[in-house]
Amino acid sequence: MSNTAVMSAPTQGGAQAKPKMSVYKRRKIATQFCISLVRFILLFGMCFMIIQPILNKVSVSFMTEEDLYDPVVVNIPAHFTTENYQLSAEIMSYKEAFKNSMIISLTIAVLQVIVCTLVGYGFARYDFPLKNVLFGCVLLMIVVPPQVISTSLYLHFRFFDIFGLVRAITGQAINLRGSVLPYYMMSAGCVGLKNGLYIYLIRQFFRNIPKELEEAAYVDGCGTLKTFFVIMLPDAKPILTSCFLFAFVWQWTDGFYSSMFLGTTKLVSTSLARIVDSLGAFIMRELGIQTSVSVAYSNCILSTGTLMIVLPLIILYLFAQRGFVESLSSTGIKM
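Counted the way my numbering counts, the sequence shown spans residues 7 to 341.
In structure tokens, the structure reads:
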């Protein structure tokens, strides 16, 4: 019998013989499986570290004080209740604080995105004197924490004056503490909360857009402003969405500028800190309980208040997550 006949002869059972997998291919598949397994474990661990505390607060927020001391109850409440949310909302004056925080955070976030977009585009596309020095100041705004200049900010807005004109006309400086004007003035001047970071992100995004796109627009008759609003801004939607999210979230949870300038204005960022201090007196006054409030129940109310503050941010992220992810993938770090 010839070699050709032997090669083409069927094996037992009528099946064609399968070629053996090479050692290199088996090793490659095993390596890829190990890498995927390690990646899954790391991602699962990171997600668990982030989500588990939130889930724990959610379960605790629906428990009664009896469930907190019951060793049998772990994650699922035995006595489901929503009184913790009602009590937290009443202590924090949640409706008023939510309204004030929403108005201030939304307007300041929009203002910061507008001015930082203009400044970031200027740094990315134009050359002007002392450009590198000014951009170095922007980087200092990112590095230097606002607590370093807290005394200067306090004195500046407590005795606000414009080149001595206000004092010359009225005889005294203006006290801007207790109002929202310092927020808007600092944000409009690009020295507000985290404005340096927004300028840097927007500048890096515009630097990655080819200059030929602008040159083609100039050839077609577009001016500088029309090119910016018609050509560049539509492409910058992802990074602008991210900067808006950052600005809104940081303003929503800010306690530094709020306590320094707004004073007694009720915000969600400052109302949470009052829960532990006022919980005992509040319950004794409103409910007629003459005993002190337990530490566990205080933590339960604090967890409930935290969820009430975080929930609007989670909802906002769910609606804007697509633009946020796109900005992370499209924004470079080219200097």
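Even glycine gets a Cβ: it sits at the ideal position worked out from N, Cα and C.
Everything numeric in this text was worked out from a predicted model, so none of it was measured.
Residue i to residue j span [Cα, whole Å]
| i | j | result |
| --- | --- | --- |
| L203 | F68 | 39 Å |
| L161 | Y303 | 41 Å |
| S99 | K200 | 28 Å |
| Q213 | E220 | Note on identity: in this sequence residue 213 is Arg, with Gln being the wrong assignment. Their backbone Cα atoms lie some 12 Å apart in a straight line. |
| A326 | L317 | 14 Å |
| L43 | I56 | 20 Å |
| I60 | L159 | 35 Å |
| L246 | S28 | 51 Å |
| L49 | T37 | 18 Å |
| M108 | R33 | 56 Å |
| M147 | A194 | 15 Å |
| L145 | Y30 | 49 Å |
| T270 | A223 | 51 Å |
| C143 | V150 | 10 Å |
| T276 | F104 | 11 Å |
| D133 | F39 | 51 Å |
| L231 | L140 | 23 Å |
| G51 | Q58 | 10 Å |
| E292 | Y75 | Because the pLDDT at E292 is just 49, under 50, the model does not fix this residue reliably, and the value given afterwards should be weighed accordingly. Rounded to the nearest angstrom, the two C-alpha atoms are 24 Å apart. |
| E218 | V225 | 10 Å |
| E96 | P77 | 29 Å |
| I155 | I168 | 19 Å |
| S298 | Q92 | With a pLDDT of 47 at S298, under the threshold of 50, the modelled position of this residue cannot be trusted; read the value that follows with caution. The alpha-carbon atoms of S298 and Q92 are separated by roughly 20 Å. |
| C228 | L239 | 14 Å |
| F54 | T176 | 60 Å |
| D368 | I35 | Because the chain in this structure spans residues 7 to 341, residue 368 falls outside the shown range and cannot be described. |
| P188 | N106 | 16 Å |
| P83 | K243 | 44 Å |
| V172 | V64 | 52 Å |
Proximity of residue i and residue j at Cβ, strictly below 8 Å
| i | j | result |
| --- | --- | --- |
| R209 | A130 | yes |
| M314 | S94 | yes |
| C306 | N62 | no |
| H85 | E102 | no |
| R164 | N138 | no |
| V125 | I41 | no |
| A5 | F166 | Absent from the structure is residue 5, since the part of the chain shown begins at 7 and ends at 341. |
| L207 | W258 | no |
| F235 | Y127 | no |
| S309 | V80 | no |
| M192 | G184 | no |
| T70 | T87 | yes |
Residue nearest to residue i in terms of C-alpha spacing, selected from the options
| i | options | result |
| --- | --- | --- |
| P216 | M108, I237, Y30, G227 | I237 |
| V116 | K34, C196, L273 | C196 |
| T157 | I320, F262, V186, V316 | F262 |
| Y190 | L145, G142, V119, V172 | V119 |
| V255 | I97, Q92, T87, T113 | T113 |
| D241 | T276, F211, M266 | F211 |
| L324 | S264, T312, S248 | S248 |
| P152 | S264, I321, L322 | S264 |
| V186 | P244, G51, M266 | M266 |
| A253 | G311, L322, V78 | L322 |
Outcome for residue i when other beta-carbon atoms lying within 10 angstroms are tallied against a minimum of 16
| i | result |
| --- | --- |
| C122 | buried |
| K272 | buried |
| L278 | buried |
| L251 | buried |
| V274 | buried |
| L268 | buried |
| P135 | exposed |
| G311 | buried |
One or two residues paired with residue i in a DSSP bridge
| i | result |
| --- | --- |
| F1 | This structure gives no information on residue 1, because the portion of the chain shown stretches from 7 to 341. |
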